[in-house]
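Here is the structure we will look at.
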Amino acid sequence: MPEVPMCAPQCCRFAGDGAPDAPRVWALPIDIGAPFSPPEAARQDARSAARAALRALLAEHFALPVHAITLSDQRGAGVRATLAAGTAPPPGWATLGLSISHEASVALVALRTAGPVGVDVAVLPAAWSAHANDVALRQQAALYLGPAHPAAQAGADAACFARGWAAWEARLKCLGEPLMEWSPALAARLGVCQVAALALPAEIAQRLPAPAAAAVAWRGSVA
């Protein structure tokens, strides 16, 4: 597959991002696919660009050559990093957590040397965005985010749903869980995760159709 052009990743800010064990999150714009390319090809382009960015960031963070780092590429599974034979694991490698997310022409990558991390960027389908107070949207929120979630209540708008969805997916990724419907037991498991909304750089945010939202989740306290 031809290499996808990669732009420089930009740091994303969030509440608590200055703590020593907090995740680090970057966003990057992606020029994906040729005009009218199939959606699956565009998704693969986005995934390839995100993985290339994450690999380069890992090399910089750990002061390693890029060729010494390999990232897993298993559909439906979280990304993992391995080192080439003979490369000594640097401090923090054994507890390294990684996550990738991409939507439209934006990708997010996250790393945390103190344990698991999950990141997600959510963009709603145009049909949902056009009906901010649609009953179907609230039903979807109740099904996946829980009946007490603000997005499941009367008067909730599509932006509220996008924020809730990004936070939900980020926590699922943090714990290595697949997308699944809300349940009290699942909510209890996800309760060990801290979650924060991401402030995307302006030039990144403007590439996403509104409403959109992004979030990062990590396990345990970073205080």
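One rule links them: number in the numbering used here = place in the sequence shown (from 1) + 7.
Yeah, the Cβ is synthetic: ideal placement off N, Cα and C, and Gly gets one too.
- request: Take A22 and list the residues in its own chain whose beta-carbon comes closer than 8 Å to its own, dropping the five residues that flank it on each side.
  value: A203, A204
- prompt: Does the separation of the CB atoms of G162 and W189 fall below 8 Å?
  reply: Their beta carbons are not under 8 Å apart, which means G162 does not touch W189 by this criterion.
field: Outcome for A143 when other beta-carbon atoms lying within 10 angstroms are tallied against a minimum of 16
entry: exposed
task: Tell me whether W225 is buried or exposed, calling it buried when 16 or more other Cβ atoms sit within 10 Å of its Cβ.
output: buried
query: Is A63 closer than 8 Å to V128 when the C-beta atoms are compared?
result: no
- request: With distances taken Cα to Cα, identify the nearest neighbour of L131 among T94, I107, L150, A169.
  value: The candidate whose alpha carbon is nearest that of L131 is A169.
- request: Flag this pair as yes or no: are the beta carbons of D52 and I76 separated by less than 8 Å?
  value: no
message: Assuming the contact rule is C-beta atoms closer than 8 Å, A158 and A148 should be a hit. Round their C-beta distance to whole Å, please.
response: 4 Å
query: Where does G104 land, buried or exposed, given buried means 16+ other C-beta within 10 angstroms?
result: buried
- prompt: If you compare alpha carbons, which of D164, P191, L197 is closest to R178?
  reply: It is L197.
query: For L207 versus A221, is the C-beta distance shorter than 8 Å?
result: yes
task: Output the distance between the C-alpha atoms of V199 and L35, rounded to the nearest integer angstrom.
output: Roughly 29 Å separates the two Cα atoms.
query: Given a threshold of 16 other Cβ atoms within 10 Å of its Cβ, counted over all protein chains shown, does S79 qualify as buried or as exposed?
result: exposed
message: My assumption, with CB atoms under 8 Å, is that A114 sits in contact with A56. Please give the rounded CB distance.
response: About 6 Å separates the beta carbons of A114 and A56, which is inside the 8 Å limit, making them a contact pair.
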